[in-house]
DNA sequence: CATCTAACTTAGGATAAGAGCA
DNA sequence: TGCTCTTATCCTAAGTTAGATG
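Residue numbers (full-length UniProt numbering): 1 to 799.
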């Protein structure tokens with residue numbers, strides 16, 4: 001214990017360094033039972049643990065720490081009407097079996113390629129192979145010859161017309177979690193980006209042309225492409241770029257004049273790039289055709305591998321091309337040169353007997369391995385951060401699918417023990433052991449607010465945090481129980497939220513912030529992601545911090561969908577679906593940049609809406625004039641149209657004049673065009689003038705206020721007809737309004753991330769079946785491919 | 001242990017492709 | 001029917017996790 005004790009003695013200085021030495025493992029358990037007094041609040045804590053955290057006597061409320069009623073996942077039991085369909089039941093049983101089995105098992109030691117027999121022969125039909133490939137894993141599961149052509153929807157013919165309905169349905173197998181990932185693996189390696197082709201265009205230095213060595217020119221060109229973008233304007237980016245650029249000049253060009261970034265001008269090169277992209281855009285149909293063919297044949301080759309005899313899609317088979325590193329947020333290395341990767345730096349991982357792909361002419365592979373405990377096909381080290389890049393199978397592959405399914409099954413198993421876990425950490429919120437109290441508090445935040453684990457980061461990375469790495473400065477406390485979070489999370493996305501928390505949590509946070517801590521000190525100084533995850537393991541096998549995000553996302557989504565209007569139109573149902581989706585996205589703080597032009601688009605919609613309302617208003621007035629008695633039957637007819645003011649009407653009508661003038665002119669020209677073609681006499685210009693004059697007249701009277709707008713319907717239309725039209729407009733208005741609301745709510749929220757990574761696809765698919773919504777309204781083609789394993793789900797599936 | 005590293009998942013922006021529309 | 005705006009896909013950065021390492 002001595003070590004932890006002395007840690008405690010250490011004054012918390014403001015320096016990050018000191019904080020670092022500060023965190024440390026578990027406090028000896030003897031603290032736990034001694035001082036049983038358990039007089040909640042921090043008091044005894046401070047006493048026990050040295051005085052890092054000055055005791056705060058004032059913190060003496062009663063609390064019952066049980067105000068855990070954040071709306072999130074209110075009551076698990078109630079909603080759990082689970083009616084597990086047979087298939088699901090087996091699947092989940094299988095999964096949990098796997099878990100149980102694993103719990104007692106040792107991790108597989110690295111031990112490449114166990115069963116490496118029949119490599120070769122990629123030409124065997126998937127069917128024959130599937131049977132063989134499954135072997136190792138027998139398992140009680142039979143190979144039910146399930147026809148999965150679920151009636152999910154009148155799906156477009158299964159993409160690619162690949163009518164091979166004997167796809168391998170791995171999800172019906174009892175696949176083991178650990179153990180080798182494959183037994184045979186063949187692939188074509190990676191594709192390298194094309195060599196750089198010099199353009200010979202100089203940059204300007206101090207106004208003078210500076211012709212460059214190709215290697216230098218290449219990098220100058222990288223920058224030229226970013227001039228006047230967010231990156232190009234970022235001083236850190238500029239500096240980092242320039243440092244590497246200059247080094248390159250030194251290396252390749254004897255004595256060059258390049259001294260300062262501000263004297264560089266890349267406009268010429270930029271202009272050249274613009275021309276290039278214009279050319280690309282202007283490609284003829286044939287050229288595009290050719291390019292496409294090219295791409296497809298490359299895909300055909302590198303895009304697939306053979307894994308256990310089955311053909312599977314490869315994901316990122318292209319080696320990342322050189323360029324300037326585009327770090328996100330305030331990344332210290334942003335702008336640095338990301339170098340070209342040579343075959344000599346690439347390791348190929350492939351089945352033992354399989355043919356090793358040929359490296360590019362004149363080159364050799366860096367290394368060849370046959371490690372079947374991993375899923376990557378190739379790997380290389382990147383020069384900016386020294387991290388490893390891997391080539392993996394595509395998202396729709398069996399390997400990825402299996403682990404995806406496992407992920408959701410794990411999250412689902414949390415459903416069963418979340419109550420227990422919550423009540424336990426709620427209790428521990430009052431633990432007198434600081435490390436435990438911090439851990440419990442962190443768990444609360446992770447569970448309630450979907451925070452990420454939050455590993456510590458280095459000085460050479462952007463300063464972003466997650467739960468465990470929160471600093472005091474990232475939260476503000478307001479009595480009695482309000483917390484304001486404000487920090488940069490993953491990808492430097494701001495997490496900003498003001499919320500109520502459990503009273504005890506609030507007190508704990510206050511305690512953790514107390515002097516002598518300064519704003520830049522760690523909030524949870526006795527907690528790390530490792531210690532947290534270690535503890536989570538004891539609560540449920542396989543449980544880690546990120547599981548809470550998956551669990552809560554899927555759970556909330558499932559709950560929200562219950563409100564789908566069963567009798568609604570398809571559009572209404574989809575709206576409900578997207579609402580639920582959005583709720584999850586907000587929970588997980590998935591954001592996106594507001595597109596430029598958003599404001600403009602919004603006001604356009606607003607205008608359109610008003611215009612339609614105006615039409616409806618005219619019709620209503622007209623109708624009531626000719627049939628005043630209707631007012632009783634249809635009270636809505638007497639209602640005012642919101643937003644339609646007389647000044648708006650005026651503006652609108654005048655704008656219409658302009659539009660009409662343009663229309664008339666165009667029509668006139670077009671008609672004459674036609675007449676000409678038909679060799680008939682064209683209309684004289686005066687004819688157009690007449691029409692325009694009429695419009696001018698109208699405009700004048702509008703301005704004078706004497707203009708009377710005509711209702712947009714035939715003069716002597718029947719009342720039914722008018723009513724019909726009104727109702728139509730009403731529907732249109734409703735549509736536009738919904739549209740508008742959605743657009744606004746979506747402007748900075750990204751729905752896709754949660755759909756792809758957090759929401760159990762079976763919930764969505766079941767929903768489609770239940771509500772008769774075609775799956776393609778919800779899932780794109782790639783998403784449907786990614787989630788094939790979930791397609792057979794029963795329509796009553798609950799997460 | 002406390003780091004470090006390998007391997008894998010998650011993430012938003014960039015770009016290509018489609019859909020909607022004057 | 002070419003353009004604009006939207007959506008889907010691609011790209012690769014940035015996380016998490018757990019085993020290896022000294």
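Quick reminder that beta carbons are idealized off the backbone N, C-alpha and C, glycines included.
Within 10 angstroms of the Cβ of residue i, are there 16 or more other Cβ atoms? Answer buried if so, exposed if not.
i: residue 397; result: buried
i: residue 773; result: buried
i: residue 801; result: Nothing about residue 801 can be reported from this structure: the residues present for the chain run from 1 to 799 only.
i: residue 216; result: buried
i: residue 550; result: buried
i: residue 522; result: buried
i: residue 760; result: buried
i: residue 502; result: buried
i: residue 145; result: At residue 145 the pLDDT is 35, less than 50, meaning the model places this residue with poor confidence; the figure from the coordinates comes in the next sentence. By the 10 Å Cβ count, residue 145 comes out exposed.
Throw me the rounded Cβ distance for the residue i and residue j pair, which I believe falls under 8 Å.
i: residue 379; j: residue 302; result: So it is not a contact: roughly 16 Å between Cβ atoms.
i: residue 504; j: residue 429; result: 4 Å
i: residue 545; j: residue 446; result: 6 Å
i: residue 740; j: residue 575; result: In fact, because the Cβ distance is near 12 Å, the residues do not count as touching under 8 Å.
i: residue 710; j: residue 582; result: About 42 Å; that fails the 8 Å criterion.
i: residue 471; j: residue 519; result: 7 Å
i: residue 820; j: residue 605; result: Look at the range of the chain in this structure, 1 to 799, and you will see that residue 820 is not part of it.
i: residue 765; j: residue 775; result: 7 Å
CA-CA distance, residue i and residue j?
i: residue 319; j: residue 193; result: 7 Å
i: residue 548; j: residue 507; result: 23 Å
i: residue 212; j: residue 357; result: 36 Å
i: residue 443; j: residue 736; result: 43 Å
i: residue 355; j: residue 404; result: 30 Å
i: residue 833; j: residue 298; result: In the structure displayed, the chain extends from 1 to 799; residue 833 sits before or after that span and is not available.
i: residue 363; j: residue 311; result: 28 Å
i: residue 689; j: residue 681; result: 18 Å
i: residue 475; j: residue 510; result: 10 Å
i: residue 322; j: residue 385; result: 14 Å
i: residue 441; j: residue 426; result: 8 Å
i: residue 227; j: residue 199; result: 18 Å
i: residue 628; j: residue 674; result: 47 Å
i: residue 235; j: residue 270; result: 19 Å
i: residue 698; j: residue 571; result: 40 Å
i: residue 716; j: residue 277; result: 57 Å
i: residue 477; j: residue 536; result: 27 Å
Less than 9 Å between the beta carbons of residue i and residue j, yes or no?
i: residue 325; j: residue 313; result: no
i: residue 780; j: residue 585; result: no
i: residue 268; j: residue 203; result: yes
i: residue 367; j: residue 351; result: no
i: residue 692; j: residue 730; result: no
i: residue 492; j: residue 799; result: no
i: residue 265; j: residue 207; result: yes
i: residue 487; j: residue 587; result: no
i: residue 402; j: residue 767; result: no
i: residue 438; j: residue 524; result: yes
i: residue 196; j: residue 218; result: yes
i: residue 526; j: residue 435; result: yes
i: residue 607; j: residue 580; result: no
i: residue 733; j: residue 722; result: no
i: residue 377; j: residue 348; result: yes
i: residue 413; j: residue 283; result: no
i: residue 464; j: residue 483; result: no
Between residue i and the ligand ADP, is there a pair consisting of the residue's CB and a ligand heavy atom that are separated by less than 8 Å?
i: residue 454; result: Ligands displayed in this structure: none; no statement on the ligand ADP is therefore possible.
Once the 5 residues before and after residue i are set aside, which same chain residues still bring their CB inside 6 Å of it?
i: residue 648; result: none
i: residue 785; result: 396
i: residue 653; result: 702
i: residue 335; result: 237, 240, 241, 324
i: residue 255; result: none
Given residue i, which residues of its chain have a CB within under 8 Å of its CB, disregarding the five upstream and five downstream residues?
i: residue 726; result: 616, 619, 620, 623, 637
i: residue 453; result: 446, 466, 467, 468, 529, 532, 533, 544, 545, 546
i: residue 770; result: 795, 796
To which residues of the same chain is residue i closer than 7 Å at the C-beta, ignoring the five residues directly before and after it?
i: residue 590; result: 749, 750, 753, 754
i: residue 225; result: 273
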